[in-house]
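*Asks:* I have a structure I would like to understand better, so I am pasting it below and will then ask my questions one at a time.
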Amino acid sequence: MGALDHFSNLFDCSHGHSKLKKRRQLQTVEVKVRIDCEGCERKVKRAVEGMKGVQQVDVERKANKLTVVGYVDPAKVVARVAHRTGKRAEIWPYVPYDVVAHPYAQGVYDRKAPAGYVRYGNDPQANQLARASSTEVRYTTAFSDENTAACTVM
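Converting from the sequence shown to our numbering requires adding 40 to each position, the first position being numbered 1.
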């Protein structure tokens with residue numbers, strides 16, 4: 041944006057909408073949709089391909105996952121898939137299990153997740169497993185074989 045554009049925006053007397061629209065950023069949207077067969081795969085893919093701003097569409101049938109790359113809004117992609125296909129759609133709720141500190145903690149482990157993924161959760165109760173207080177660490181490592189300064193009572 042040049043200096044003239046900046047000054048013209050400062051001294052704009054119109055009370056209408058600005059001529060400059062906020063640009064959307066290129067992003068990847070992952071959606072969880074039940075995909076049973078090739079027909080479902082085509083139906084889901086066609087529902088999203090016609091959207092404005094879509095650059096690329098990938099469907100993983102075994103993972104029940106739709107990946108859309110483009111200048112799109114995630115909520116609009118989910119709404120469009122649900123409306124056009126009649127299937128329940130949601131934002132991809134899973135992350136690779138390597139990313140989560142305790143992948144089998146309550147609220148994180150999900151049997152419906154694809155192989156190698158767990159449900160992403162911001163639950164503070166589940167995250168407390170990852171952060172032990174200093175007194176807990178001191179008591180649990182007091183009798184450890186790896187700790188060289190451990191108690192010699194054993």
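Yeah, the Cβ is synthetic: ideal placement off N, Cα and C, and Gly gets one too.
#1: For S48, count neighbouring C-beta atoms within 10 Å of its own C-beta (all shown protein chains included) and say buried if the count is 16 or more, exposed if not.
#2: With distances taken Cα to Cα, identify the nearest neighbour of V135 among A153, K116 and H123.
#3: Within its chain, find whatever has a CB closer than 6 Å to the CB of V109; leave out the 5 residues flanking it on each side and keep chain order.
#4: Can you have a look at A170 and say buried or exposed, based on whether 16 or more other CB atoms are within 10 angstroms of its CB?
#5: With a threshold of 6 Å on Cβ separation, who are the neighbours of R11 within its own chain once the five nearest residues in sequence on each side are excluded?
#6: Quick one: grab the DSSP three-state call for K72.
#7: Going by DSSP in three states, R64 sits in which element: helix, strand or coil?
#8: What is the DSSP secondary structure of P136, reduced to helix, strand or coil?
#9: What's the C-alpha gap between R74 and G156?
#10: In chain order, what residues of the same chain lie with their CB nearer than 6 Å to the CB of A103, ignoring the 5 residues before and after it?
#11: Taking all protein chains shown into account, do 16 or more other C-beta atoms lie within 10 angstroms of the C-beta of Q165, making it buried, or fewer, making it exposed?
#12: For I131, which residues in the same chain have their Cβ closer than 8 Å to its Cβ, ignoring the five residues on either side in sequence?
#13: My output table needs one value for G79: the three-state DSSP class, helix, strand or coil.
*Replies:* On the basis of the coordinates in this document:
#1: As a working mapping, residue 48 is identified with position 8 in the sequence shown. Under this definition S48 is an exposed residue.
#2: As a first step, residue 135 is located in the sequence shown; it is residue number 95 there, counting from the start. Of A153, K116 and H123, the residue nearest in Cα terms is A153.
#3: Residue mapping note: residue 109 aligns to position 69 of the sequence shown, counting from 1. Correct list, in chain order: T68, Q95 and Q96.
#4: Position 130 of the sequence shown, counted from the first residue, corresponds to residue 170. Residue placement at A170 is poorly supported in this model, since its pLDDT is 47, which falls under 50; the coordinates are not used for a value here.
#5: Outside the displayed range of the chain (41 to 194) lies residue 11, so it cannot be described from this structure.
#6: What you label residue 72 is simply residue 32 of the sequence shown in a count that begins at 1. Note: K72 maps to strand in three-state DSSP.
#7: Translated into positions along the sequence shown, residue 64 becomes position 24. Reduced to three states, the DSSP call for R64 is coil.
#8: Taking the first residue of the sequence shown as position 1, residue 136 is located at position 96. Residue state, collapsed to three classes: strand.
#9: Position 34 of the sequence shown, counted from the first residue, corresponds to residue 74. Position 116 of the sequence shown, counted from the first residue, corresponds to residue 156. Going from the Cα of R74 to the Cα of G156 covers about 18 Å.
#10: Start at 1 with the first residue of the sequence shown, and residue 103 comes out as number 63. Here the set comprises P154.
#11: Taking the first residue of the sequence shown as position 1, residue 165 is located at position 125. Residue placement at Q165 is poorly supported in this model, since its pLDDT is 48, which falls under 50; the coordinates still yield a value, given next. Its Cβ having fewer than 16 others within 10 Å, Q165 is exposed.
#12: Within the sequence shown, the letter at position 91 stands for residue 131. Excluding residues within five positions, the ones whose Cβ falls inside 8 Å are V69, E70, V71, K72, P114 and V118.
#13: If you number the sequence shown from 1, residue 79 lands on position 39. In this structure, G79 counts as helix in the three-state DSSP scheme.
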